[in-house]
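Undergrad: Okay, handing you the structure first.
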Amino acid sequence: MAQTIAKMPEKFKKIKKMALGKDYALSFSFATSARMRKLNLIYRNINKPTDILSFPLSENEGEIYISRVEARKEAKKFDRSFENFLDFLFIHGCVHLAGYDHSKKMEREEILLRNRFRV
């Protein structure tokens with residue numbers, strides 16, 4: 000079930016506001032690995048679970064899904080704590096929703112947010 004920004008952790012609210020603006024309508028959900036696999040297959044044609052998916056619905060509205068199970072696995076690979084990695088993923092999803100694709104420019108935006116929020 001998706002959560003509105005009102006039900007998100009405070010840090011996520013602050014990240015969302017800085018990355019997307021206060022008027023951006025964002026829904027957020029923690030999803031099971033099975034759900035992430037299904038969404039990844041449907042929308043990206045990749046038949047495996049992933050740690051995060053973000054979907055722009057319009058210019059000012061989007062969704063972010065994070066799998067706790069997959070994030071926990073990936074956090075170890077990046078030598079980050081689980082909580083820190085969740086923040087890292089949320090920033091990554093917000094930057095995608097802000098219109099960035101994987102690039103040096105996107106990386107710079109992520110670094111600015113990670114530094115601001117000590118992630």
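Here the sequence shown is numbered in numbering that gives the first Met the number 0, starting from 0 and rising by one per residue.
We put the beta carbon where it would ideally sit given N, CA and C, even for glycine.
(1) Can you grab the Cα-Cα spacing for the pair Ile110 / Lys75, in whole Å?
(2) Can you tell me which of the three DSSP states Ile65 falls into?
(3) Assign Pro48 to buried or exposed, taking buried as 16 or more other Cβ atoms, counted over all protein chains shown, within 10 Å of its Cβ.
(4) Whose C-alpha, out of Pro55, Val68, Ala18, Phe89, is nearest the C-alpha of Thr31?
(5) Return helix, strand or coil for Ile90, following the three-state DSSP convention.
(6) Phe77 by DSSP, collapsed to three states: which one?
(7) Three or more beta-carbon pairs under 8 Å between the stretch 46-64 and the stretch 17-29, yes or no?
(8) DSSP state of Glu82, grouped into three classes?
(9) Going straight from the alpha carbon of Arg71 to that of Ser57, what length do you get?
(10) Is DSSP giving Ala24 helix, strand or coil here?
TA: Straight from the coordinates:
(1) 20 Å
(2) For Ile65, the three-state secondary structure derived from DSSP is strand.
(3) buried
(4) Out of Pro55, Val68, Ala18, Phe89, Val68 has the C-alpha closest to the C-alpha of Thr31.
(5) helix
(6) Phe77 carries a coil assignment under DSSP once its states are collapsed to helix, strand and coil.
(7) yes
(8) helix
(9) 30 Å
(10) strand
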